[in-house]
Ligand code: HEM
Ligand SMILES: *[C@@H]1O[C@H](CO)[C@@H](O)[C@H](O)[C@H]1NC(C)=O
Ligand SMILES: *[C@@H]1O[C@H](CO)[C@@H](O)[C@H](O)[C@H]1NC(C)=O
Ligand SMILES: *[C@@H]1O[C@H](CO)[C@@H](O)[C@H](O)[C@H]1NC(C)=O
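Numbering (mature numbering (1 follows the signal peptide of the UniProt record, and there is no 0)), first residue to last: -16 to -1, 1 to 478.
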């Protein structure tokens, strides 16, 4: 008993001592201002409850007002420096692999697999990152991927009648596209089997705090094993195949790096994970923002209310005109979208940028300081601490974007606004971990919007709100009522 008490005392004493030593060290280091909250849980509960509100950035906004754009907090068990400052964010992105390393909780690493690009570091990461960039660069999209992107989108849209859950449809399309791009499989029973398992893996990513007690997490690990087994079979088959294929798996095998089966499987899983929620959410939200676009409505103020209503339920005029023009140039409305068509969608690119800015699917990125780092304002981030570079806080800041919380695609036509302070707009991150799928995601979204606008008119089936935690999405997966437009009558003001 006495020895137990002694042990307990020792434990309490040593952790208290450690706490004091650390605090003294932090004091010397001049940390960014802020509060570490309660012991152990810090401000985690405030963070979670804040994001359950409708405001996109309550946790950060509140602290930025109080402490400035760089502040200290304590979330998910660790002290963390948050940055809502574009210059500091850029510094963090560019110093990846030098002063900072990427950092994911163990529960997520298990789901990703140890050879995942997202977890790799150092020279191997550099090599794999540039390889991935070359799999989805504009040349490859133009010469190989675009045809299938358009074909699979059309195929999916063919089956739409009446009420559709847009988010579900977008996920199905995104998954089928990625499987096609990775290993040339067309949608079928096998892809649906894989998708069902895969959805369970994804669910595992959002059970963060206590994975070991979560059945969702255990199910996710099991599903991950199944997906990996299925992919391993494909890799083995491909190894004995003499025919060369021009998909990502083929390129990976032809690269001369002699990757193991396990490496290839983890790599493919990483691409599936990174592109799935992101691309499908952006597809859904672009449609939602367009449907609700208050500025398109404002532009139409001179028209009668009834006309406004009709217009609203079809599509915004500027936007549809661009797409009608592309369609009217083709004899057959089903003719493939070409690269030149994509390049001519100027206003659509504004819509894409504005959707990415407003939605901020990746709200920011976590890193870990590998050494004591001096940052802007004379502050220090201590070695081993986490940092969170918030892209969303910058994208929604009125200092950088006028009326930052309104959807206004026209702002991208204003060179002085869109072009100015170079690095405030980072929906795809930057530096050594710049998203390799940035062009691909833009093309998929553009083609999707083109087919949707020229084929259907739609109205929301019910009100559906945006939520921001644990990911940006709408509460009800955005149900809409679609009506097929007569191909011969363009979408135009009546
Ligand atoms: C709208 C869609 C997308 C958004 C907003 C997005 C955003 C991002 C961001 C911000 C990062 C940086 C993460 C970091 O720095 O830690 C990233 C990384 C990554 N993205 Fe995307 N992404 C999208 C679509 C895609 C697609 C379609 C692919 C598939 C090719 C993809 C593959 C990746 C991969 C593999 C990484 C990891 C890169 C690395 O760690 O080196 N993403 N993405
Ligand atoms: C894209 O990558 C391929 C190799 O996969 C390369 O031949 C081509 O030059 C690259 N194109 C661009 C625009 O970087
Ligand atoms: C959209 O944003 C990118 C930066 O990610 C920029 O290079 C491009 O010019 C923007 N497009 C338009 C139409 O403003
Ligand atoms: C363009 O952006 C600048 C800077 O935000 C602003 O002063 C100007 O009024 C904008 N012009 C238009 C036409 O919106």
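For glycine and all other residues, C-beta sits at the position ideal for the given N, C-alpha and C.
The segment 46 to 64 in contact with the segment 388 to 401 per 3-pair CB rule at 8 Å
Output reads no: the segment 388 to 401 does not touch the segment 46 to 64.
What did DSSP end up calling residue 256 once you bin it into helix, strand or coil?
Residue 256 falls in the helix class under three-state DSSP.
Kindly identify the DSSP beta-bridge partner or partners of residue 26.
Bridge pairing for residue 26: 22 [DSSP].
Return the first residue and the last residue of the alpha helix (DSSP H) that residue 444 is part of.
Segment 440 to 444 is the beta strand (DSSP E) holding residue 444; no alpha helix (DSSP H) there.
Can you check the segment 370 to 398 for any beta strand (DSSP E) of at least 3 residues that lies completely inside it and give the ranges in chain order?
Counting whole runs of 3 or more residues, the segment 370 to 398 contains the beta strand (DSSP E) stretches 370 to 374.
What are the partner residues of residue 86, as DSSP defines its beta bridges?
Its beta-bridge partners are 351.
Going along the chain, which residues of its own chain have a beta-carbon closer than 8 Å to the beta-carbon of residue 80, five neighbours each way excluded?
Counting only Cβ-Cβ distances below 8 Å, and skipping sequence neighbours, we find 86, 351, 415, 416 and 417.
How is residue 300 classed by DSSP in three states: helix, strand or coil?
Here residue 300 scores only 49 on pLDDT, less than 50, and its place in the model is too uncertain to base an answer on.
Rounded to a whole number of angstroms, what is the C-alpha to C-alpha distance between residue 112 and residue 379?
One C-alpha to the other measures close to 29 Å.
Spatial distance of residue 368 from residue 119 (CA atoms):
The alpha-carbon separation between residue 368 and residue 119 amounts to approximately 34 Å.
Skipping 5 residues on each side, what residues in its chain have a beta carbon closer than 8 Å to that of residue 106?
The answer, listed in chain order, is 81.
Taking its Cβ as the centre, do 16 or more other Cβ atoms sit within 10 Å of residue 442, making it buried, or is it exposed?
The residue is buried, with at least 16 neighbouring Cβ atoms inside 10 Å.
Alpha-carbon to alpha-carbon, residue 448 and residue 461
So the two alpha carbons sit approximately 8 Å from each other.
Touching or not, the segment 259 to 273 and the segment 144 to 155, by the rule of three or more beta carbon pairs under 8 Å?
Enough Cβ pairs lie closer than 8 Å, so yes.
With C-beta atoms as the reference, is residue 102 less than 8 Å away from residue 214?
Contact flag unset, no.
Nearest-residue set for ligand 2, Cβ under 7 Å from any heavy atom:
That gives 118, 119, 121, 122, 123, 124 and 235.
Proximity below 8 Å, CB of residue 246 to CB of residue 455:
Their beta carbons are not under 8 Å apart, which means residue 246 does not touch residue 455 by this criterion.
Give a yes or no on whether the minimum CB-CB distance between residue 339 and chain C is below 8 Å.
Within the model displayed, chain C is absent; a lone protein chain is all it includes.
I'd like to confirm the pairing. Which residues does DSSP put opposite residue 149 in its beta bridges?
Residue pairing for residue 149: DSSP places it in a beta bridge opposite 463.
Grab me the residues of residue 451's own chain with a C-beta within less than 6 Å of its C-beta, minus the 5 sequence neighbours each way, in chain order.
Only 459 meet the Cβ criterion.
Near ligand 1: residue 347 beta-carbon under 7 Å from a heavy atom
Residue 347 Cβ: outside cutoff for every heavy atom of ligand 1.
Considering only the alpha carbon of each residue, which of 355, 381 and 136 lies closest to residue 70?
Closest option to residue 70, Cα to Cα, is 381.
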